[in-house]
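Residues 134 to 385 in my numbering are what the sequence shown lists, from first letter to last.
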Amino acid sequence: MPTAIFRFYEELNDFVPPERRKRDFEAEFKGRESVKDRIEALGVPHTEVDLILVNGESVDFGYVLQDGDRISVYPVFESLDIRDVTHLREIPLRETRFIADINIRDIVRYMRVLGLDVYYDPSLSPRDIIRISKREKRTILTKSRNLLKFRDVTHGMFIRPGTTVEQIKGIIDFLSLREVITPFSRCLQCNNSLVRVSKESVFDRIPPKTRAFCNEYSYCNGCDRIYWKGTHFDRIKKVIGEILGMEKFQDA
Ligand SMILES: [Zn+2]
Numbered sequence: 134m135p136t137a138i139f140r141f142y143e144e145l146n147d148f149v150p151p152e153r154r155k156r157d158f159e160a161e162f163k164g165r166e167s168v169k170d171r172i173e174a175l176g177v178p179h180t181e182v183d184l185i186l187v188n189g190e191s192v193d194f195g196y197v198l199q200d201g202d203r204i205s206v207y208p209v210f211e212s213l214d215i216r217d218v219t220h221l222r223e224i225p226l227r228e229t230r231f232i233a234d235i236n237i238r239d240i241v242r243y244m245r246v247l248g249l250d251v252y253y254d255p256s257l258s259p260r261d262i263i264r265i266s267k268r269e270k271r272t273i274l275t276k277s278r279n280l281l282k283f284r285d286v287t288h289g290m291f292i293r294p295g296t297t298v299e300q301i302k303g304i305i306d307f308l309s310l311r312e313v314i315t316p317f318s319r320c321l322q323c324n325n326s327l328v329r330v331s332k333e334s335v336f337d338r339i340p341p342k343t344r345a346f347c348n349e350y351s352y353c354n355g356c357d358r359i360y361w362k363g364t365h366f367d368r369i370k371k372v373i374g375e376i377l378g379m380e381k382f383q384d385a
């Protein structure tokens, strides 16, 4: 049987037996097997994995194992700074999620327009924000340096002064999120994912004027809202264009 050397990092070690924790170990695999299948066979759910290096290079889940490979596997909510390595990838394996501090409401709306998952509740205390960040593996976005100084904050980003467009651009570029952006896929009010629905299914709830010019509708299961590309659309589109650059937005 072919074999590969595996090593799991940080909290991924919770999924493997003690003798395999935080060290290299050899594991056999079947003739043609993806790195994802072998990682799961070793006990680690793929949803927990952010980065896989094979012989030092980042690969996708579909990578087919070769005899003698050396595999390093890093968690979604990495405690190590692996940002530079992650940049080798066009699309991060992880789904980056956020929780926004109460003082960045303006950013939240446009991040959601871009389809990014941003938890926001103005009634939260700093303690609540940190707790939810840890529980749901969300990166804290804040303009407060003090919040980021709490000892148990593991993932936070300080939002520098600037326009909303500059600030969102900063977040997207820093975390390499450009390729995962899907505009108009998330509810601006409650952060749920939207689903496409037919015009007929929401017909009674659309203003007659809108029915006449719009055929595409989305629905939020979270708060029962219907979305369409109405009169605000051009203004929103302009802002997205500024954030992403127009070419990217054209195909969205
Ligand atoms: Zn909603």
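Yeah, the Cβ is synthetic: ideal placement off N, Cα and C, and Gly gets one too.
Spatial neighbours of residue i in its chain, beta-carbon cut-off 8 angstroms, leaving aside the 5 residues before and after
i           : result
residue 292 : 237, 240, 274, 275, 276, 300, 303, 304
residue 324 : 245, 250, 251, 252, 253, 355
residue 283 : 259, 263
residue 289 : 266, 272, 273, 274, 275, 280, 281
residue 149 : 141, 175, 176, 177
residue 363 : 343, 347
Spatial neighbours of residue i in its chain, beta-carbon cut-off 7 angstroms, leaving aside the 5 residues before and after
i           : result
residue 348 : 332
residue 326 : 318, 319
residue 165 : 197
residue 154 : 146
residue 167 : 194, 195, 196, 197
residue 369 : 246
residue 308 : 229
residue 278 : 291
Whole-angstrom distance between residue j and residue i, CA atom to CA atom
i           : j           : result
residue 365 : residue 354 : 22 angstroms
residue 367 : residue 361 : 12 angstroms
residue 96  : residue 208 : This structure cannot speak to residue 96, because the chain is shown only from 134 to 385.
residue 255 : residue 234 : 8 angstroms
residue 112 : residue 198 : The structure shown has nothing for residue 112, since the chain only spans 134 to 385.
residue 242 : residue 269 : 20 angstroms
residue 146 : residue 358 : 42 angstroms
residue 371 : residue 317 : 14 angstroms
residue 377 : residue 205 : 33 angstroms
residue 200 : residue 287 : 36 angstroms
residue 141 : residue 228 : 19 angstroms
residue 473 : residue 352 : Given that the chain is displayed from residue 134 to residue 385, the structure contains no residue 473 and the question cannot be resolved.
residue 403 : residue 346 : For the chain, the structure presents residues 134 to 385; residue 403 sits outside this window and is missing.
residue 328 : residue 321 : 13 angstroms
residue 135 : residue 174 : 15 angstroms
residue 182 : residue 257 : 29 angstroms
residue 188 : residue 335 : 53 angstroms
residue 310 : residue 375 : 16 angstroms
residue 306 : residue 151 : 38 angstroms
residue 295 : residue 285 : 28 angstroms
Cβ-Cβ separation, residue j to residue i (assumed contact under 8 angstroms), whole Å
i           : j           : result
residue 272 : residue 231 : 5 angstroms
residue 185 : residue 248 : No, residue 185 and residue 248 are not in contact; Cβ-Cβ is about 25 angstroms, not under 8 angstroms.
residue 163 : residue 179 : Not confirmed; about 17 angstroms, so no contact.
residue 159 : residue 172 : About 15 angstroms separates the two Cβ atoms, so there is no contact after all.
Neighbourhood of residue i by C-beta, 6 angstroms cutoff - its chain only, sequence neighbours within 5 removed
i           : result
residue 221 : Here the model assigns residue 221 a pLDDT of 39, short of 50, so the residue's position is not dependable and the matter cannot be decided.
residue 157 : 138, 140
residue 330 : 350, 352
residue 203 : 138, 188
Beta carbon proximity, residue i to chain D, threshold 8 angstroms
i           : result
residue 137 : The displayed structure is made up of one protein chain only, and chain D is not part of it.
Quiz item: Given 8 angstroms as the limit, is there contact between the region 247-265 and the region 342-352, that is, 3 or more CB pairs closer than that?
Solution: no
Quiz item: Mind listing, in chain order, the residues whose beta carbon lies closer than 6 angstroms to a non-hydrogen atom of ligand 1?
Solution: 320, 322, 323, 325, 353, 355, 356, 358
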